[in-house]
Every structure is written in C-alpha cells, then in structure tokens.
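S.K.: In terms of UniProt numbering, the sequence shown opens at residue 1 and continues consecutively.
Beta carbons: idealized from backbone N, C-alpha and C, even for Gly.
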Amino acid sequence: QYLASVVVDNLPPRPFNIRMRRMTPDSTTDQLQNKTLWSSYTEIIDVKQCYPNTALVGVQVDSEQFGSQQVSRNYHLRGRILQVPSNYNPQTRQYSGIWDGTFKPAYSNNMAWCLWDMLTHPRYGMGKRLGAADVDKWALYVIGQYCDQS
1 QYLASVVVDN LPPRPFNIRM RRMTPDSTTD QLQNKTLWSS YTEIIDVKQC YPNTALVGVQ
61 VDSEQFGSQQ VSRNYHLRGR ILQVPSNYNP QTRQYSGIWD GTFKPAYSNN MAWCLWDMLT
121 HPRYGMGKRL GAADVDKWAL YVIGQYCDQS
C-alpha cells in the first residue's frame with residue numbers, strides 16, 4: 001500500500017472542487033494490483049483562537065523560591081454544569097418528591113446526567129442530531145437514582 005500526502009495552499013474561496021487524476025492506465029493482469037483510491041482528506045484551518053469554551057489555568061513560579069523541592073499544584077474541579085432533574089440535589093445525591101420531567105442547571109458527576117448532556121448538548125454532544133424527545137429521560141431518571149446509591 002502506497003500512501004501520499006499533498007498540501008494545497010492558496011485555495012480559492014469556497015465552494016471549490018478537488019480532482020485526482022491517475023496518469024497511468026489500470027493494470028489488465030490479475031498479477032498486478034494497482035488501483036488508485038482516494039481514502040480521505042483533512043482540512044487544516046489556520047485560525048488563532050484563545051481557548052474558546054475551555055477552562056484554562058496558567059502558573060508561573062520562580063524556581064529559586066522552592067529550592068530543590070518539586071512544585072506541586074492541586075485543583076478541585078467541579079466539572080460541567082449539566083441539566084439535572086428539578087427535584088435532584090447534586091450535593092446530597094438525593095431526589096425529593098415526584099419528578100415533573102423538567103431540568104435545572106447544576107454541577108453533577110452522575111453518569112446518567114452526563115450521558116443526557118452528551119446526547120442532547122448541541123455544541124459538543126449529539127444535540128444537533130438528537131432532540132430531547134429522542135432520549136428516554138424517564139429511564140435515565142431511574143438509572144441516575146441507581147448511580148447515586150451508595
């Protein structure tokens with residue numbers, strides 16, 4: 001298998017076509033396999049972004065302040081704010097009363113609600129393909145309660 005990589009600079013404005021043309025004819029014998037296939041392409045976009053939608057920490061220390069000790073850093077990450085059931089308390093992991101099917105934003109690491117987030121969020125999840133009606137939130141509610149059992 002022979003692989004080739006080509007970088008094409010200064011492309012015209014979109015949309016445009018890319019054509020690959022083989023210059024030699026295909027083999028007519030079974031003993032030589034030399035079909036040409038286009039398997040994939042990669043678009044490289046040169047854009048300067050300042051870490052969008054990202055929590056970022058930067059630390060600069062003077063090594064002389066610590067001598068021969070190795071500098072250690074600790075962070076307490078609460079994770080993402082997810083949509084969780086309106087009757088759910090993520091701190092106590094308790095569900096109160098009967099759930100009416102609505103959600104509220106809260107920090108949570110309950111895997112059922114992390115899954116709900118991944119399935120329904122339009123930016124990084126499947127939310128552009130799936131709607132909230134396509135996911136069985138009632139079954140996830142039962143799963144979420146199971147995940148919160150100690």
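I'd like to check one pair, residue 147 with residue 106: are the Cβ atoms closer than 8 Å?
M.R.: For residue 106 and residue 147, no; Cβs fall outside 8 Å.
S.K.: CB residue 82 to CB residue 50, shorter than 8 Å?
M.R.: The answer is no: Cβ separation not under 8 Å.
S.K.: Is residue 49 helix, strand or coil when you go by DSSP?
M.R.: Residue 49: coil per DSSP, three-state reduction.
S.K.: Per DSSP, which one or two residues make a beta bridge with residue 107?
M.R.: Residue 107 is bridged to 81.
S.K.: Starting from residue 144 and walking both ways along the alpha helix (DSSP H), at which residues does that stretch end?
M.R.: Note, residue 144: alpha helix (DSSP H), 137-147.
S.K.: So what does residue 94 bridge to, in DSSP terms?
M.R.: 89.
S.K.: Identify, in the order they occur along the chain, each residue of the same chain with its Cβ nearer than 7 Å to the Cβ of residue 103, setting aside the five sequence neighbours on each side.
M.R.: For residue 103, where only same-chain residues beyond five positions count, the Cβ hits under 7 Å are 83, 84, 85, 86.
S.K.: Rounded to whole angstroms, what is the Cα-Cα separation between residue 128 and residue 52?
M.R.: Using only the alpha carbons, I get a separation of about 19 Å.
S.K.: Suppose the cutoff is 6 Å on Cβ atoms and the five residues either side in sequence are ignored; what does the same chain contact list for residue 22 look like?
M.R.: Correct list, in chain order: 36.
S.K.: Which same chain residues end up closer than 7 Å to residue 88 when comparing Cβ atoms and leaving out the 5 residues on each side of it in sequence?
M.R.: Correct list, in chain order: 95.
S.K.: Would you report the Cα separation of residue 108 and residue 93, rounded to the nearest angstrom?
M.R.: Looking at the two C-alpha atoms, the distance is approximately 9 Å.
S.K.: Please report the Cβ distance between residue 33 and residue 27, rounded to the nearest whole angstrom; I am assuming they are in contact, meaning their Cβ atoms lie under 8 Å.
M.R.: Residue 33 to residue 27, Cβ: 7 Å. Contact.
S.K.: Inspect the beta-carbon positions of residue 73 and residue 59 and report whether they are closer than 8 Å.
M.R.: Taking 8 Å as the Cβ cut-off, residue 73 and residue 59 qualify as a contacting pair.
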